[in-house]
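To start, the structure under review is shown below, and the notes come after it.
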Amino acid sequence: MAFEGSSMQKGKTEITFKKQGQAREIWRRFKKSKGAVIGLVMLVAMLAVILLADVIAPYSLATKQNLSQKLAPPSSGHIFGCDAYGRDLFARVLHGGRTSLSIAVIATMTSCLLGSILGAVAGYFGKAVDSVIMRALDIFMSVPDILFTMAVVVALGANFINLLVALTLAYFTNYVRLVRSQVLNLSELEYVEAARAGGAGSARIIATHIIPNAMGVIIVNTTLNVAKIILYESTLSFLGLGMPPPAPEWGLMLSEARSFLRTSPHLLIFPAAAIVLSACSVNLIGDGLRDALDPHLKS
Amino acid sequence: MYKYVLKRLLFLIPTIFGVAFIIFLVMNITPGDPARALLGLSAPQADVDTLNHELGYDLPFLQKYFNYLKNMILHQDFGRSYFTKQSVFDEVWPRYVITIKLALIGVLLSALIGIPPGIYTAVKQYSLWDTIPSVIAFFIAAIPAFVFGLLMLFIFSLKLNWLPSFGATTVYHFIMPTLTIAIPPAAQVMRFTKSSMLEAIRQDYVRTARAKGASERTVIWKHALMNALLPVITQVGLSLGTLICGAVVAEKMFSIPGIGSLIIDRILYKDEPILLAGTILISICFTVVMLIVDITYAFIDPRIRAKYTTGRKE
Amino acid sequence: MKRVLIAVFVFLTVLASCTAFAAEGDKTLVLRTERAVPSLDWEQTTNTSNMKVWHQMFEGLYGMDEANNGYYNELAKDVKISDDQMTYTVTLIDGVTFQNGDPLKASDVVFSYNRARKNSRFNYLTSMIEDVSSTDDKTVVFKLNKPYSPIAHTFFCVKIASEREVTEQGEKYGTVPHKAGTGAYYVTEFDVATGMKMQAYEGYWRGAPAIKNVQYVVIDDLSAAVIAFKNNELGYFEDVPLSEWDFLSEASGENNALIKGNNILFTAINYLSPTNNNILANQKVREAIFYAVNKNDINLAVSNGRGVEATQYMPSDYVATSPVSGFKTYDYNVEKSKELLKEAGYPDGVDVGTILTYGATSASKAILAQVLQANLAEVGITAQVSVMEAAVVTPRLYAQDYDICVFSDYGNYDYNNIRQQVHSESTGMYVVRYKDPASPFNWQRIEELVDAGVNTADVAKRLEYYTELWSIVMDTATILPCLHDPVGVVWAKDLDVGKPVPTYYKVRTFKWK
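Structure, rendered in structure tokens:
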């Protein structure tokens, strides 16, 4: 997304040049951090495996039942074993990654978008607009997320889209505060004032000057948020509020594993490991990016 | 300062109004009605309509909202549950207390578990005593809370039979649930403490103290720690909000009669009075804790106290 | 360091404040209820899990003995039926007192029935009653608006409460402990969230029960309940998860029983569904779907292979008039299914829409739906699975707003309950609407047979009617019984429960060894 941000600036050679230099500098610092590189490698490897899931094990394998293989432990035929329906667990973990990670990434982006717009509007216009948005947000935040999630899922049913709505409602609030404070700091800067004096409209100033400059902080938070959403999503599935069966999804697999924890721990171990690995790698990247973007914080 | 606290406390009023509004709105746009849920699907529509009318559910949205506020303010009456006919306050309060206990112990535990290794790893930076705990904390932060709950149930209840698997009557009942919800935030707290501590150690006054010949112990405990803990307090306070939600998982898993599981159970029955009272109480708790965090913050740091007198810190 | 100590101290104080004490006096039998009991008034829900609890406190005119198949006289000493089968004269037994000490009078029965009749939740039980009156202290007269042989079910379900106690408690009745039942136990402590404590009623008319203290705890999580039983925190645990059967039966020593359940998991097809150009209106497609269903797979997935593959709507073990043979059963046959599909014009398979069901994703209905989907995929039929909350799904089922559904029914003791599924007057209960302008079925005959069944008390005659009825229903290829899920019961080593039953156990018959 960092690069999308800079491509918005294509028309202005000067800034693009500067941005590219900045990106290169960030990348140089990012590379220095061992953890971040490990995280990146892990994530890329996972993404590659998940994207190639159809080649490695076709989707039909993830849903094909063979009840004579019910709860079969890991073996050469089924390297992760089979679940309670005799479905191949490896194929399910693989295809589950597609569902789980795409929900996490898309939900992060939608909540980022919604939160950023509200935050930018609040911060830029200030005064009454700011007060209304921020006080409404305070009230909104004091209602537990889980209640909104419940309401959405119960009312509209559990599916991909509704889950996105629920997760967006739960996570956009962070971005409002974040972007607002960034905008408050940035809008006092000289070049923004210059643009304003030059007659640029509010929306234009926000879009071309403020958002791109607040991008760094947003990116770091977005990355870390992906990990949080992966975990929250699995918790929702555990409570029966997540993706409906028989879709392979990590949280759902964990919740199905619970009845067999004593006899077939492999049902829990593999999806849990997938969740931990993906959340870890995303966190590592997030930490690396934060250090790279803000050398002051670098330990 | 007092003015500020008063202002923040007064903000509770619009918060309550707003939360009630949100709940009414959510109830209004979701399908179903309490009488249908209570009487079953075979009951004739006329009977369902009558019961909805008796419950006061069929009133227009805004009228219902203002009636509710009126009863709450003028008569301190939260109504009766549609489902159990019990007084809402009698039903919600004991469960609220349990959840708050769970969440507060969870917060304290997460601080107790998280802060000491955070300090320790910062002091021992770059040594093995930094790397190993940091890596462990890193992994723990990436494990969903309920997986800890499951594992603890498996080990301490099923295998060892040390701890009970359900209920909330004795202190033993609280051990696993509070740990379940405290461990993931504890890992966060540790990471946060570490970075905050590292930053504090590098500050000028710490360097000055060192230069003046203060012992390493005094430097760490007196100068660096106090300053490093400030942001940690905020972090811990903020995590109470998530812990209250996280408590829902623990409540479900260990069959603890708390407010979270109550809300989840009753949302299906559209038991508005319970949902309203439960949510309002949670939001009051949340707001008050945030206020306490802010005040503590100001109390410890005079620089911030000065800021508070002029305006609200974001 | 001082601060750390203070923190530890604060923590311990908070922790200590959570401590309560559980004084152990007489031995208490602890039972699990999976759902919170919302009220001590038995009229407040019709949920089986709650009814099991109420059965310890309340009694009806009839009782239910599942171990010996059928209803027996409980508070009724004698029931006289008029020749037109429209008037039932019930004489009450002597020597019954409510837990508050009042003797049971006919007026209490009239009061209880009139109260239940006002409650639309029980329309299905009471709508045939025209009037209830008492002629003296011991005689109650029921006037019906039509002959109705399954009235025994009504006499069993409607419980008798003390008029005085209920009236005196007024609005509070149900929310606080009361002594309004004639049962062997009364409630001493009640909390919706955690459960209740009961005590033996020493003046119980059959004689005081052996076990004096009973406690119901709410444990909604099955895994937690399994652990609780294993750790001796539960004395009696029924409807155990079958995936844990080996573990639990071993933990219980000899004290376990696996009983054929009086329940049915079934699949229904909505032939009125507009999906894919009314594909499900095609009889051949519906039959192809049914032939594709592998009930053995369903049994393995749902009941760990311990269930009974079903062909009947109600198990004849529990319902005397349930047809045993003489109807189509759609035995698993992939070849036949594919052939039918080809005949219907879909040799390469077809999309039939969504399999809709409700409840927890780990519960039997959701499991069946997933197996069904996989079974259909084997013959080339594609379907989605949708599992949602009951509050959302059931109205859709009852409004015929679905393609295929997975559904369950339980606790039937009279075949007339099939009326709920097939009769046009059961709107809001049936999932397949047989009486419809677009219906190709002989719904008139179905309804005639339902009515004929209730109009006669002769068992052989009823069986004949119901066999024809079930045969017509099966020919429509709209409802397919799949599985009778067994009920596993385990109990503590020091407990004697007599002959275990699938649903309505009676704590009064239990004793400590």
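Protein chains in written order, with the working numbering: chain A, 1 to 299; chain B, 1 to 314; chain C, 1 to 513.
Even for Gly, the Cβ is constructed at its ideal location relative to N, Cα and C.
As the structure is a computational prediction, the values presented were derived from the model and not from experiment.
Runs of the beta strand (DSSP E) lying entirely within the stretch 46 to 103 of chain A and spanning at least 3 residues: none are present. Chain B has a Cβ within less than 8 Å of the Cβ of Ile227 (chain C). Among the residues facing chain A, Phe247 (chain C) is included, as its CB has a counterpart in that chain under 8 Å away. At a cut-off of 8 Å between C-beta atoms, Arg262 (chain A) counts as an interface residue with respect to chain C. In the DSSP annotation of this structure, the continuous segment of the beta strand (DSSP E) that includes Asp136 (chain C) starts and ends at Ile129 to Asp136. The DSSP assignment places complete beta strand (DSSP E) segments of no fewer than 3 residues inside the stretch 173 to 233 of chain C at 185 to 191, 195 to 200 and 213 to 218, in order along the chain. Restricting attention to beta strand (DSSP E) runs no shorter than 3 residues, the stretch 86 to 135 of chain C encloses them at 87 to 92, ordered along the chain. Glu425 (chain C) sits in coil when the DSSP states are folded into three classes, being neither helix nor strand.
Using beta-carbon distances, Glu238 (chain C) does not count as an interface residue toward chain A, since no partner is under 8 Å. In this structure, the alpha-carbon of Val248 (chain B) lies about 53 Å from that of Ala452 (chain C). For Thr235 (chain A), none of the residues of chain C pass the 7 Å Cβ criterion, the least Cβ distance being about 14 Å. The Cβ of Lys32 (chain A) sits no closer than 8 Å to any Cβ of chain C. Distance from the Cα of Lys435 (chain C) is smallest, within the candidate group C:Ala301, C:Asp191 and C:Tyr271, for C:Tyr271. It is roughly 9 Å from the alpha-carbon of Ser386 (chain C) to the alpha-carbon of Asn159 (chain A). Each residue's CA atom was taken as its position, placing Asp191 (chain C) and Thr175 (chain C) some 9 Å apart.
The alpha helix (DSSP H) runs of length 4 or more contained entirely in the stretch 320 to 406 of chain C are, from start to end of the chain, 334 to 343, 364 to 378 and 390 to 398. Here Ala390 (chain C) has Tyr358 and Gly359 as same chain residues with Cβ atoms under 7 Å from its own Cβ, once five neighbours each way along the sequence are excluded. Distance from the CA atom of Tyr191 (chain A) to the CA atom of Asn221 (chain A), rounded to whole angstroms, is 25 Å. Per the coordinates, the alpha-carbon of Ser362 (chain C) lies some 15 Å from the alpha-carbon of Asn299 (chain C).
With respect to chain A, the C-beta atom of Thr279 (chain B) has a partner C-beta closer than 8 Å.
Rounded to the nearest whole angstrom, the C-alpha separation of Lys194 (chain B) and Ala214 (chain B) is 22 Å. Under the Cβ distance rule, Phe238 (chain A) counts among the residues neighbouring chain B, one pair being separated by less than 8 Å.
Between Ile269 (chain C) and Ile381 (chain C), the CB-CB gap reaches or exceeds 8 Å. For Ala292 (chain A), the enclosing alpha helix (DSSP H) covers residues His266 to Leu293.
Contact between Ile230 (chain A) and Ile275 (chain A) holds: CB atoms are separated by about 6 Å, below the 8 Å threshold.
Of the residues assessed, Pro177 (chain B) falls on the buried side of the cut-off, its CB having 16 or more other CB atoms within 10 angstroms. If you draw a straight line from the Cα of Gln63 (chain B) to the Cα of Thr15 (chain B), it is about 19 Å long. Residues of chain A whose Cβ lies closer than 8 Å to the Cβ of Gln370 (chain C) are, in chain order, Gln65, Tyr85, Pro245 and Pro246. The C-alpha of Ala122 (chain B) lies about 34 Å from the C-alpha of Phe154 (chain B).
Where Pro177 (chain B) is concerned, the enclosing alpha helix (DSSP H) starts and stops at Val171 to Ile201. Contact note: Ile219 (chain C) reaches chain B through Phe166 and Ser255, using a C-beta cutoff of 7 Å and chain order.
Residues of the stretch 336 to 356 of chain C with a Cβ closer than 9 Å to any Cβ of chain A: none. Listed as beta-bridge partners of Ile479 (chain C) by DSSP are C:Ala268. Counting only Cβ-Cβ distances below 7 Å, Ile264 (chain B) has contacts in chain A at Met150, in chain order.
Residues of chain A with a Cβ closer than 7 Å to the Cβ of Glu389 (chain C) are, in chain order, Val154. If you compare the alpha carbons of C:Tyr124, C:Thr182 and C:Gly253 with that of Val489 (chain C), the shortest gap goes to C:Gly253.
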